[in-house]
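Numbered by the working numbering, the letters in the sequence shown go through residues 4 to 410 in order.
The next block holds one structure in the form of structure tokens; read it before the comments.
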Amino acid sequence: TSAAGGAAPAGEQKIYLDASGSVDDITIALLDSSGDQSAVSTLNTIMTSATYVGAYSSRGASDDWSIANVAANIQSWIRANGAASATVAVDSNGKFAIDLNTTSLNLSFRDQTASANGSSQQDASIGFDSNGDNTVNETISGFSYFLGLNDFFVDNLAENIYASKIVSSSTTTSSATLSFKDSTGSLGSVAIAAGKTLSEAAAIINNANLSVTASVVPDGSGVRLRISHDSGKNIVITQAAGNTLLTDLGIAQADVRVAGALSVRSDILSTPAKVSRGVLSWNADLGVAGEYFTSASDDTVIKALAVTFTGTNTFDEAGGLSNLNVNFEDYGAAILARNSSLADTNETDMDIKKELTDSLKLKSDTVRGVNIDEEMANLLVFEQAYKASARIISIIQKMFDALEQII
Numbered sequence: 004t005s006a007a008g009g010a011a012p013a014g015e016q017k018i019y020l021d022a023s024g025s026v027d028d029i030t031i032a033l034l035d036s037s038g039d040q041s042a043v044s045t046l047n048t049i050m051t052s053a054t055y056v057g058a059y060s061s062r063g064a065s066d067d068w069s070i071a072n073v074a075a076n077i078q079s080w081i082r083a084n085g086a087a088s089a090t091v092a093v094d095s096n097g098k099f100a101i102d103l104n105t106t107s108l109n110l111s112f113r114d115q116t117a118s119a120n121g122s123s124q125q126d127a128s129i130g131f132d133s134n135g136d137n138t139v140n141e142t143i144s145g146f147s148y149f150l151g152l153n154d155f156f157v158d159n160l161a162e163n164i165y166a167s168k169i170v171s172s173s174t175t176t177s178s179a180t181l182s183f184k185d186s187t188g189s190l191g192s193v194a195i196a197a198g199k200t201l202s203e204a205a206a207i208i209n210n211a212n213l214s215v216t217a218s219v220v221p222d223g224s225g226v227r228l229r230i231s232h233d234s235g236k237n238i239v240i241t242q243a244a245g246n247t248l249l250t251d252l253g254i255a256q257a258d259v260r261v262a263g264a265l266s267v268r269s270d271i272l273s274t275p276a277k278v279s280r281g282v283l284s285w286n287a288d289l290g291v292a293g294e295y296f297t298s299a300s301d302d303t304v305i306k307a308l309a310v311t312f313t314g315t316n317t318f319d320e321a322g323g324l325s326n327l328n329v330n331f332e333d334y335g336a337a338i339l340a341r342n343s344s345l346a347d348t349n350e351t352d353m354d355i356k357k358e359l360t361d362s363l364k365l366k367s368d369t370v371r372g373v374n375i376d377e378e379m380a381n382l383l384v385f386e387q388a389y390k391a392s393a394r395i396i397s398i399i400q401k402m403f404d405a406l407e408q409i410i
């Protein structure tokens, strides 16, 4: 069936393909078990075609490409091209889930500089309207990356905490209106005047009673402004047009707790063969006018992974570590060195405090405690004194007796 697209319902999260204004597109290809092309189209073609669930506006300025609409049209196209039971939808965990429900076909995405088959590969620009107000809140490079389809490692944590970058405790705010939204809809907004301290900004947010809690937490040599959902739900925080507070403070979804929850994606862990070694390639000599394919001997992805682990990455200041531009191994070494230094410092502090505690205890025992040896010595002195006193009394008594006899 097909239907006119129309604008997405108010409040729905939407994407804008190629929000930067060029002609990026995403090739979507179904491949057979040999890696040969079975069917191919592009995201823009699928979204604007009346053949599928809805015919929506073309890329760029569209305001009707809701995540749900994108999922529905991709599902319709896949089902029409050999995978009749395929499902594409946002699941109960808020993840964009694709299941072909067949072992005879494979699905591949390829970002390109244009819609034409064989166009140069390049990450597509994806504008994301995270709060459904028809305004792009952030821009992401890469369609599959945006949807998390390439994630090898996942944490499965709710996106319920936002935090700023590390800033000075004396940092003040610019004027801004912040809006908060969760899965139930809008939670409300707060106006923060210019010149407020982070503690004052946190108090303003908390006093609004929007089911979120703001706090200022220490981190390294500075502090962070942290905002979390009281019920642990996913939240989205946006600012009014022209405001710069979120950008100034670097407020974004926080990675707290991730270290304790990060793991290899369960489907990859159970079936490592799902990891693609190669990429979707174009061969102009295949078929009538060229076709896409994947090759069993293609090691492009594996090489790219190797480069990722050996190449340098930029790590923001965190946990007492400064901004670093190093590879993962060196960053891991920096973490261990930092932890070792902190452990040594803590051990030294503990030894000093233990010595102080022992000294104070000894002083306390000296003042109020009982020394058995000392008390026994004192008791012997008292005993000897008692005996001497008794002897004197006995002599005096005899003297009185003698005096009485004389009288």
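Glycine included, each C-beta is placed from N, C-alpha and C at the ideal position.
- Spatial neighbours of Gly-85 in its own chain (CB-CB distance under 8 Å, excluding positions within 5 residues in sequence) are listed in chain order as Leu-33, Ser-41, Ala-42, Thr-105, Ser-107, Leu-108.
- In its chain, beyond the 5 residues on either side, Lys-236, Asn-237 have a beta carbon closer than 7 Å to the beta carbon of Ser-186.
- The beta-carbon distance between Leu-252 and Lys-306, rounded to whole angstroms, is 38 Å. This is too long to meet the 8 Å contact definition.
- Here the alpha carbons of Gly-290 and Ser-88 stand approximately 28 Å from one another.
- Taking the Cα positions, Asn-349 is about 28 Å away from Val-329.
- A residue is called buried when at least 16 other Cβ atoms come within 10 angstroms of its Cβ; Thr-297 meets this threshold and is buried.
- Looking at the DSSP output, Arg-113 shares a beta bridge with Thr-30.
- With a 10 Å radius around the Cβ and a threshold of 16 neighbouring Cβ atoms, Lys-277 comes out exposed.
- In this structure, the beta-carbon distance from Leu-181 to Ile-240 falls below 8 Å.
- If you check the CB distance, Asp-132 and Gln-16 come in under 8 Å.
- Arg-227 carries a strand assignment under DSSP once its states are collapsed to helix, strand and coil.
- DSSP lists Leu-108 as the beta-bridge partner residues of Asp-35.
- Boundaries of the alpha helix (DSSP H) harbouring Lys-401: 375 to 409, taken from the DSSP string.
- Collapsing the DSSP output to three states places Leu-363 in a helix.
- Ranked by how close their Cα comes to the Cα of Ala-244, the residues Ala-346, Ile-395, Thr-138 have Thr-138 in first place.
- For the pair Ala-197 and Thr-176, the Cα-to-Cα distance works out to about 5 Å.
- Burial check for Thr-315: the Cβ neighbour count within 10 Å stays below 16, so the residue is exposed.
- In chain order, Ile-169, Asn-326 place their CB closer than 6 Å to the CB of Glu-320, counting only its own chain and leaving out the 5 sequence neighbours on each side.
- Take Ala-75, set aside five residues on each side of it, and the residues of its chain with a beta-carbon closer than 6 Å to its own are Val-56, in chain order.
- Cβ atoms of Ile-31 and Asp-114 stay farther apart than 8 Å, at about 11 Å.
- DSSP, reduced to helix, strand and coil, places Tyr-59 outside both helices and strands of the structure shown, so it counts as coil.
- Between Phe-312 and the set Gly-335, Tyr-295, Gly-323, Ala-292, the nearest pair of CA atoms involves Gly-335.
- Val-239 has Lys-184 as its beta-bridge partners, per DSSP.
- Closest option to Ser-36, judged by alpha-carbon separation, among Asn-120, Glu-386, Leu-110, Lys-184: Leu-110.
- In the structure shown, Gln-256 falls within a strand segment according to DSSP collapsed to helix, strand and coil.
- Taking a C-beta distance under 8 Å as the contact criterion, Val-193 and Ala-206 do not qualify as a contact pair.
- Going by beta carbons, Phe-183 and Val-267 fall outside the 8 Å limit.
- Distance from the CA atom of Thr-51 to the CA atom of Thr-303, rounded to whole angstroms, is 32 Å.
- In the DSSP assignment, Asn-286 falls within the unbroken beta strand (DSSP E) covering 284 to 286.
- In the DSSP assignment, the residues bridged to Tyr-295 are Trp-285.
- Excluding residues up to 5 positions away in sequence, Arg-280, Gly-281, Val-282, Ser-284 lie with their Cβ nearer than 8 Å to the Cβ of Asp-301 in the same chain.
- Under the three-state reduction of DSSP output, Glu-141 falls in the strand class.
- Going by beta carbons, Gly-151 and Lys-199 fall outside the 8 Å limit.
- For the options Ser-202, Ser-118, Asn-286, Ser-218, the alpha carbon positioned closest to that of Gly-38 is the one of Asn-286.
- Distance from the CA of Val-219 to the CA of Ser-202, rounded to the nearest whole angstrom, comes to 6 Å.
- Rounded to the nearest angstrom, the gap between the Cα atoms of Ser-122 and Asn-209 is 51 Å.
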